[in-house]
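Working notes, beginning with the structure itself.
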Amino acid sequence: MCQALGVSQWQLRGWLDGTEPVPLIVYRFAKIIAGQELPAGFGEFVGVRHEGGMLYAPNRAGKQAGITYNELSSIQMIRELINSSEALRTQYMRAMKERDFYKGQCFRDTRYGMVVNELFNH
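The opening position of the sequence shown corresponds to residue 1 in the numbering used here, with each subsequent residue numbered one higher.
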């Protein structure tokens, strides 16, 4: 860490134990070196931080806002599941429309059949 920041061990110790104030630029750089936060060069991922084995988006709090490595490594499967659930939802909606159509059609056919039946029975 000292080598990356270009400071002596005594300077770093002073920052760590609080006897010397940490310059803001050093604090931000140290967070990047420690892997806790991504720097400005990462576009949309600026500010993503690593805590307790999870990645957190900036301005998000709570365990549900983070993602673990296992979830991240399974992202393709998760996307496929989302796509298949959307396809199933579309099929379900289509089946419900067809059901409603045929239900109405059966009702109309029954009424028409009753009218025809009355004509031939009298």
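Cβ atoms here follow ideal geometry from the backbone N, Cα and C, with glycine treated the same way.
- Around the beta carbon of Y27, a 10 Å sphere encloses fewer than 16 other beta carbons of the protein chains shown; the residue is thus reported as exposed.
- For the region 47 to 82, the full-length alpha helix (DSSP H) segments reaching 4 residues or more read 69 to 73 along the chain.
- C-alpha of V22 to C-alpha of L5: approximately 12 Å in a straight line.
- Taken atom to atom, the span from the alpha-carbon of R108 to that of N83 is near 38 Å.
- In the displayed model, M1 falls within coil according to three-state DSSP, outside both helix and strand.
- Bounds of the alpha helix (DSSP H) holding G14 are Q9 to D17.
- Taking a contact as a CB-CB distance under 8 Å, the pair L55 and G47 does not count as one, their CB atoms being some 11 Å apart.
- Just so you know, the alpha carbons of R13 and I25 end up roughly 17 Å apart.
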